[in-house]
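Residue numbers (the numbering used here): 480 to 767.
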């Protein structure tokens, strides 16, 4: 089980991420996800050492911006996006991460029109080259499915599978997020089954991104679906509050209010909540 570093801190300096590693381990997590939104400010050596000492696995994630969008029709914009993705891959390797995930295929924001055929083709070509580079480093790319207000390229698990098929590389997997699924999918079960063994990473988040169980998402059905396909990958809790997330990133993510202010309490509650869900589904499988 994992937790996103933005539960603990909006900073990416060595001291901030050392604290995030320590707090994650103390709260019972085995994985810490790092957002690569500030490559220049990140201290990879110090963070990796802290994670290794604590027995924490690091997973990296990122989104793109409209001026560095690999799904753009503008070749210069696409080139900037590809350079950013390649730099992020290098950072992931430096951190010792085996996965780089997120909306790697477009800017993270609301578009005013559907993606063009050329834009989609550009994204496919860029991610194919990124996957080739990642394979040499032993890194898997997780293609995160996000909602219509954060991308016009992929909004459902089915679309993610189609994109992965088009890219045609073995080191890609689907990254599902219950927050986004709640908006776009008909239910929380069929997308999991549809992905099957191509599901490689999971985000657990409430519909309002606050405390798990305090919103409307049917986590019981989702965890049963994960058990049904025999999912063995990371399950990472993701939650944002403007009380913690850095202002610029908070604005990008649309975090306009403080859903919580006590990171420790939130993290421990999420760890217990997810643990209980996993335990219950495992018991049901044994009974059946």
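All C-beta atoms, glycine included, are put in the ideal place defined by N, C-alpha and C.
Notebook entry, point to check: In the DSSP assignment, what residue or residues form a beta bridge with residue 586?
Noted result: The sequence position of residue 586 within the chain shown is 107, counting from 1. In the DSSP output, where bridge partners are listed per residue, residue 586 has 543.
Note to self: Give me, in chain order, the residues of the same chain whose beta-carbon lies closer than 6 Å to that of residue 560; leave out the 5 immediate sequence neighbours on both sides.
What the structure shows: Taking the first residue of the chain shown as 1, we reach residue 560 at position 81. For residue 560, the CB contacts under 6 Å within the same chain, skipping 5 residues up- and downstream, are 543, 547, 548 and 549 in chain order.
Margin query: Can you give me the C-alpha to C-alpha distance between residue 633 and residue 624, rounded to a whole angstrom?
Written below: Counting from one through the chain shown, the residue named residue 633 turns up at place 154. Counting from one through the chain shown, the residue named residue 624 turns up at place 145. About 6 Å.
Note to self: Does the structure place the segment 551–560 close enough to the segment 506–525 that three or more beta carbon pairs sit under 8 Å?
What the structure shows: At 8 Å Cβ cutoff, the stretches do not touch.
Checklist line | Any 3 or more C-beta pairs closer than 8 Å across the segment 688–705 and the segment 668–679 | finding: Using a C-beta cut-off of 8 Å, the segment 688–705 makes contact with the segment 668–679, since at least three inter-stretch Cβ pairs fall below that distance.
Margin query: Measuring only the C-alpha atoms, how far is residue 520 from residue 762?
Written below: Your numbering for residue 520 matches position 41 in the chain shown. Your numbering for residue 762 matches position 283 in the chain shown. Each residue's alpha carbon lies about 45 Å from the other.
Margin query: Could you tell me the alpha carbon to alpha carbon distance between residue 506 and residue 603, rounded to whole angstroms?
Written below: Here the question's residue 506 lines up with position 27 in the chain shown. Here the question's residue 603 lines up with position 124 in the chain shown. Computed Cα separation, rounded: 39 Å.
Notebook entry, point to check: According to the neighbour-count rule (16 or more other Cβ atoms, all chains shown, within 10 Å of its Cβ), is residue 735 buried or exposed?
Noted result: In the chain shown, counting from the first residue as 1, residue 735 sits at position 256. Exposed, since its Cβ has fewer than 16 Cβ neighbours within 10 Å.
Check: From residue 760 to residue 711, what does the alpha carbon distance come to, in whole angstroms?
Finding: Here residue 760 is taken as the residue at index 281 of the chain shown, counted from 1. Here residue 711 is taken as the residue at index 232 of the chain shown, counted from 1. Between residue 760 and residue 711, the C-alpha separation is close to 13 Å.
Next item on the list: Whole angstroms is fine: what's the gap from residue 693's alpha carbon to residue 663's?
Entry: Taking the first residue of the chain shown as position 1, residue 693 is located at position 214. Taking the first residue of the chain shown as position 1, residue 663 is located at position 184. Rounded to the nearest angstrom, the two C-alpha atoms are 20 Å apart.
Next item on the list: Please say whether residue 718 and residue 679 have beta carbons closer to each other than 9 Å?
Entry: The residue you call residue 679 lines up with position 200 of the chain shown. The residue you call residue 718 lines up with position 239 of the chain shown. Cβ atoms of residue 679 and residue 718: not closer than 9 Å.
Next item on the list: Determine the burial state of residue 532: buried for a count of at least 16 other Cβ atoms within 10 Å of its Cβ, exposed for fewer.
Entry: Here residue 532 refers to the residue found at position 53 when the chain shown is read from its first residue. By the 10 Å Cβ count, residue 532 comes out exposed.
Notebook entry, point to check: How should residue 750 be labelled, buried or exposed, when 16 other C-beta atoms within 10 angstroms of its C-beta is the threshold for buried?
Noted result: Counting from 1 along the chain shown, the entry for residue 750 is found at position 271. Here residue 750 is buried: its Cβ has 16 or more other Cβ atoms, across all protein chains shown, within 10 Å.
Check: Distance, Cα to Cα, residue 656 vs residue 502?
Finding: The residue you call residue 656 lines up with position 177 of the chain shown. The residue you call residue 502 lines up with position 23 of the chain shown. In this structure, the straight-line span from the alpha carbon of residue 656 to that of residue 502 is close to 23 Å.
Notebook entry, point to check: Which whole-angstrom value describes the C-beta separation of residue 510 and residue 480, a residue pair presumed to lie in contact below a C-beta threshold of 8 Å?
Noted result: Within the chain shown, the letter at position 31 stands for residue 510. Within the chain shown, the letter at position 1 stands for residue 480. Contact between residue 510 and residue 480 holds, with the beta-carbon distance rounding to 7 Å and staying under 8 Å.
Next item on the list: Within the segment 594–625, note down every full alpha helix (DSSP H) run reaching 4 residues or more, in order along the chain.
Entry: Look at the segment 594–625 and you find these whole runs of alpha helix (DSSP H), each 4 residues long or longer: 596–615.
Notebook entry, point to check: Under three-state DSSP, which class holds residue 643?
Noted result: In the chain shown, residue 643 corresponds to position 164, counting from 1. It is helical.
Next item on the list: Pull up the distance between the alpha-carbon of residue 648 and that of residue 640, whole angstroms please.
Entry: On the chain shown, position 169 is the one that residue 648 refers to. On the chain shown, position 161 is the one that residue 640 refers to. Roughly 12 Å between the two C-alpha positions.
Note to self: Give me the residue from 714, 636, 687 and 584 with the minimum Cα distance to residue 565.
What the structure shows: Sequence index remark: in the chain shown, residue 565 carries index 86 (1-based). From the listed residues 714, 636, 687 and 584, the smallest Cα separation to residue 565 is found for 584.
Next item on the list: Could you tell me the distance, in whole angstroms, from the CA atom of residue 681 to the CA atom of residue 553?
Entry: Counted from its first residue, the chain shown places residue 681 at position 202. Counted from its first residue, the chain shown places residue 553 at position 74. The C-alpha of residue 681 lies about 32 Å from the C-alpha of residue 553.
Next item on the list: State yes or no: is the C-beta of residue 746 within less than 9 Å of the C-beta of residue 508?
Entry: Counting from one through the chain shown, the residue named residue 746 turns up at place 267. Counting from one through the chain shown, the residue named residue 508 turns up at place 29. The answer is yes: Cβ separation under 9 Å.
Next item on the list: From the DSSP output, in three-state form, read off residue 680 for me.
Entry: Against the chain shown, residue 680 aligns to sequence position 201. In the displayed model, residue 680 falls within a strand according to three-state DSSP.
Next item on the list: Would you mind reading off the limits of the beta strand (DSSP E) that contains residue 514?
Entry: Taking the first residue of the chain shown as position 1, residue 514 is located at position 35. Element bounds for residue 514: 510–514.
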